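If you're matching positions, the sequence shown starts at 973 in this note's numbering and goes up one per residue.
Remarks on the structure that follows.
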Amino acid sequence: MLKNYIKIAWRNIWNNKLFSFINVISLAIGFSASFVIGLMVYYDFTFDKFHKDGDRIYRATTQFISPEGTDHFNGVNALLADALKQDVSGLENVSAFYTYRPLKVEVESRDLVFKKPNHVIFTDSDYFKVIDYNWLAGNKATSLLEPNEVVLTQQRAESYFPNTPVENLIGKILMYNDSIPAKITGVVANFEERSDFVFQEFISLPTALQSDLKSMVTNTIWDSYNSDAQVLFKTLPGVAGNTIQEQLDNLSKSRADKDDLADGEWSRFYAQPLEELHFDTRYGTFDYSVPQASKKVLLNLGIVALFLLLLGSINFINLTTAQATQRAREIGIRKTLGSSKKQLIFQFLGETFLLTLLSALVSVVLAFWLLRVFAGFIPSGLNFGLFANPWIITAMLVLLVVVTLLSGMYPAFVLSGFKPVSVLKNRLSSQTSATGFRKGLTVFQFVVAQVFIIGTLLVGKQIDYLMHKDIGVNTANIAYVKLPWNDAAITKKKLLKNKLATIPELSTISLGGAPPASMYINSNLVEFSKDGETIEVLQEQRFGDATYFDLYGLELLAGRKPINDTIKEYVINETMLHKLGFTAPEEAVGQQLLMGSKSYPIVGVMRDFNEKPLNSDIQPVVFVGDIYRDWFSQFNMLHFKIEPKTQDLAGTLEKVEDIWKSVYPDSDFEIQFMDETVANFYRSQQRTQKLLNWATGLAILISALGLLALVIYTTERRIKEIGIRKVLGASLMELQVLLCKDFLKLIAIAFVIAAPIAYWRMHIWLEDFAYKTEMSWWVFALSGIGMVVLALAIMSFKTLRTAMRNPVKSLRTE
C-alpha cells in the first residue's frame, strides 16, 4: 500500500512539473530562511549555558538614577569588591578584574614579540572560583596569589609557545610593555561551548600596580566609575537574586550623598544575572569587537522566517486546491472501489510530505548560500557545522512535519471530501468556498509582500537620512590617528604635529582628544550654584587645542574659545546651557562650574552638535583644553584635514605614516576617517536594511511564483471561453482586462490592508530614533504601484499568449 501511495504521489508530481517546481522552490526558500535563522537563534540562546552553578553567577553593573531617567554603565568602582565581601551576605565568592590593553608582550625564551594581544585582564584566584575552567597545568588554588604571575588559556599558550606541552610552560616568563614580567603559573582549557568570557590571559591583580592601571586600581573615591573595572560574584546555594539586590541598593544608598538622594539622584549597583549578559545591550559584553545579540532582532528574524514559510505553504495550498477538479475523477473512482476518506487524506498528506521533503533537501543548498550572503550579518562562530547538533536536527524534522500538516491538511480534506456520484456524473460543485479561501490566501501573500516592501523603503529612507543629516560637525576629508598611550610626552605630540605641518596636502592639524562625534566616552559630574540652588549635570567632555574648533567647524554663539590648551576654561553647548537654567548664551559667559574642589570659568557657548548617533538626543557637552596635563595628557589623538583637491590620497597618507614612524617607531599607525566613523554609527541599521532587502526579495519571489501558477491555471481553464469571446469580436485589451481584473482587485485589497499595518510597524521602529525621517505618502504609493506593475508583468506573460491564440484551436480544446 505504501509503495503504491509513493508511486501515485511521484506520478502526480511528475505530471504537474511546473506547479510541483513552484511548490518545491517556494517551500525551499521558506525552509532555508528558517534553517539559517533557527541557527542564529540557537547560537545566541546557548551562550554560557554550560557553566557550573550558572544560575548563581552575577556581574555587578552601575545605574545612574535621576529624576530625568536612568543611565546604564557596564563598569563599577575599584572599592566595590571589598565592600561586597564586607557588607553583603549570601555571597560564596567575589572577584574583581580589570580589562587591560597591553601594547605588546614579549616571549623571552623565544625572543618573540606579539603586538596588542587582546582579551587580557588583571584578576585574582577568586575569578576561577566564580567561572570554572578545566585546568591543564598549574594549581587553581595557588595561581595568581602573588605579583607577576599569569595564567594562559590553551589557545593563547599555543600561540606563544607552539608545539610545546602545556606542563612545560609553567615557570616561563612573559614581558608586558617592556616593563612588567609575569611568570606562567597555569594553563586552562578554552571553553568548548559558546561564551562571552573571551579572556585569554589572566595576570595576577597585584601586578596591576606596576601598570598604567595603578591609579584606577588604587582609587579610593567611591563615586569614580570605570568601564575597565568589573566585579563578578557567586551567591550561596538557595540565596535569591532579589535578596542580593536589596543589599546592593542599601549599600549604594548608604554611600550616596544625602542631598542627592533626597533629590532622587544616586548611583545604584545592579546584579546582572549571567543569563542576561549576552542580550542586555545596556551593559554590553566583554568583547567589544562584535555586535551584541538582541532578543528583539532575533524575534523579528523569527517572524520573517515564519512569514516566508507561510507564503510557501500558501502557494502549495492554493495550487493544490485549484487543481482539485483535475483529480476529481481519480478520487471518485477510488471511493467507488472502497477507499475511505482517511486513506485518501493519508495519500494526499503523503504527496505533501514528499514535496516538502524535496523542498527541505533543496533548502540545504540554499542555506549554504544564505550563510555566505549574510556572512557580515551573522556571528563568525555560526557555521554549517551546527547542523550536526542533535537539537538542530530534531528541530528540522519537527519543522518538516509541521509544514507538511500546515500545507497539506486543508487540501487533503477538500480533495477527500468529493462525492463519488457527483464526480462521476460531472456534477462537481463549483467549490465556491474553496475559491474564496484561495483568494483570501492570495490577499494574505500580497499583504505580507507589500508590508515588506514598504518597510524596506522606509528603512532605506531613514538610513539615508541618518547618513546625510547635518550633525553640526565637519566630517569631509578629516582623519585622525590615536597616539600611543604609553608614550604620553606632550613634546613628542607637538613634534609630530609640527612635522605634519610640512605636508602641503594637509591644511589644518590639531591635537586633542576624541572627535566631536564619536563613541568615545569621557564624562564627569559638575556642579553649578544658582539662586541658592545647586544644579548637578553629567557632562561629556571634548578636549582640543586652539585649532580643534576650526578643524571641526564648531560654531561659537557667545564668548570666546579657550585662549590656549593649558588654561582650564570651558565652552559649553546649548543643551548644557539649558541644563544650567539659562536661556540666552550670553548669560552663561563668566559663570563658574565646580568639579570636585576646583572651579572653572565658562568662557563661551557653542552651538549644539550631535556627539553620538542620531538614535539619541544631544547631551550636555563641554569643550576644554588639556586640563590634566600636570599628570596625564588628554591629547591622545591627532586630527588633520586633507585638502579636497588632493589627487594622490594614498601618497599623502604614506607621507603621514613616514613622519609617524620617525616620531613613534615602535607604535602602529592606524588612521580613521571621520565620515567612516559617522557611518559606523549605523552599522546595525545597515545590517537590518540588508536583511530586509533579502527578505523582501524572497517574499516577492514566492508571491510572484504563486501568482504566476494561479494565472497559468486560470487561463488554461478559460481557453474555450476566450476563443468564443474572440470570435464574437472581443479585442486583445478587453481579453487582457478580463483575465487580469480579478487578480488586480486582490492586489488592491492587499494594499489597503498592508498600508496601515506597515505604517504602524514602522512608526514603532522609528521611535528608537531621536531624529527620524517622514513616512512620506509616496513610499506607500510606490509600493502599491510597484506591486501592480510586477503583477501585470507576471500575468501578461501568460494572458497575452492565451488571448492571442487562434480561436479555432481554443474552441477545439477539451
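Glycine included, every Cβ here is placed at the ideal spot set by N, Cα and C.
Since this is a predicted model, take the numbers as computed values, not measurements.
Inter-residue Cα distance where the pair is A1556 and G1504: 20 angstroms
Through-space distance from L1677 to F991, alpha-carbon basis: 9 angstroms
Cβ-Cβ separation, V1628 to L1467 (assumed contact under 8 angstroms), whole Å: Actually they do not touch by this definition, with Cβ atoms about 14 angstroms apart.
Start-to-end residues for the alpha helix (DSSP H) that takes in V1013: 989–1017
Where the alpha helix (DSSP H) containing M1705 begins and where it ends: 1704–1738
Within 8 angstroms, strictly: CB atoms of H1044 and E1173: no
Runs of beta strand (DSSP E) wholly within the stretch 1559–1626 (minimum 3 residues, chain order): 1564–1567, 1570–1578, 1593–1596, 1609–1614
Alpha-carbon spacing of S1151 relative to A1489, whole angstroms: 35 angstroms
Where the beta strand (DSSP E) containing Y1030 begins and where it ends: 1029–1038
Which of helix, strand or coil DSSP assigns to A1421: helix
Rounded C-alpha distance that separates Y1242 from T1179: 28 angstroms
Three-state secondary structure (DSSP) of W1238: strand
Rounded C-alpha distance that separates F1163 from K1024: 12 angstroms
Straight-line gap, I1795 to T1624 (C-alpha atoms, nearest Å): No answer is possible for residue 1795: it lies beyond the span of the chain, which begins at 973 and ends at 1786.
Identity of the residues DSSP links to D1229 by a beta bridge: None; D1229 has no bridge partner.
Runs of alpha helix (DSSP H) wholly within the stretch 1146–1229 (minimum 4 residues, chain order): 1186–1189, 1213–1227
From D1020, G1158, W1107, K1144, residue whose alpha carbon lies closest to that of V1170: D1020
Beta-carbon proximity of Y1030 to Q1244, cut-off 8 angstroms: yes
Residues sharing a beta bridge with G1110, DSSP: G1158
contact_flag[the stretch 1098–1113, the stretch 1136–1156] where n(CB pairs < 8 angstroms) is 3 or more: yes
Cβ-Cβ separation, L999 to T1366 (assumed contact under 8 angstroms), whole Å: Not really, about 20 angstroms apart at Cβ, beyond 8 angstroms.
For M1083, the three-state DSSP class (helix, strand or coil): Note that residue 1083 is Asp in the sequence shown, not Met. The answer is coil: DSSP assigns D1083 none of H, G, I, E or B.
Touching by the beta-carbon criterion (3+ pairs, under 8 angstroms), the stretch 1142–1157 and the stretch 1072–1091: yes
Environment of P1637 [buried if 16+ CB atoms lie within 10 Å]: exposed
Cβ-based burial, R1028 [other Cβ within 10 Å; buried from 16]: buried
Three or more C-beta pairs below 8 angstroms linking the stretch 1275–1292 and the stretch 1368–1380: yes
Residue interval of the beta strand (DSSP E) (run including H1044): 1041–1045
For T1125 and G1516, the rounded distance between their alpha carbons: 41 angstroms
L1566 versus F1500 - alpha carbon distance: 6 angstroms
T1034: CB within 7 angstroms of a non-hydrogen atom of the ligand FMN: The ligand content of the structure shown is nil, which means the ligand FMN is not present either.
Sequence-distant residues of its chain with Cβ nearer than 6 angstroms to I1193 (five each side left out): none
DSSP bridge partner residues for T1125 (one or two, in chain order): V1160
Stretch pair the stretch 1431–1448 + the stretch 1475–1485: three plus CB contacts closer than 8 angstroms: no
Best match in L1326, Y1743, A1727, V1760 for proximity to W1749 [C-alpha to C-alpha]: A1727
Rounded C-alpha distance that separates N1272 from E1648: 28 angstroms
Beta-carbon proximity of L1574 to I1614, cut-off 8 angstroms: This sequence places Ile at residue 1574; Leu is not what is there. In this structure, I1614 does not lie closer than 8 angstroms to I1574 by Cβ.
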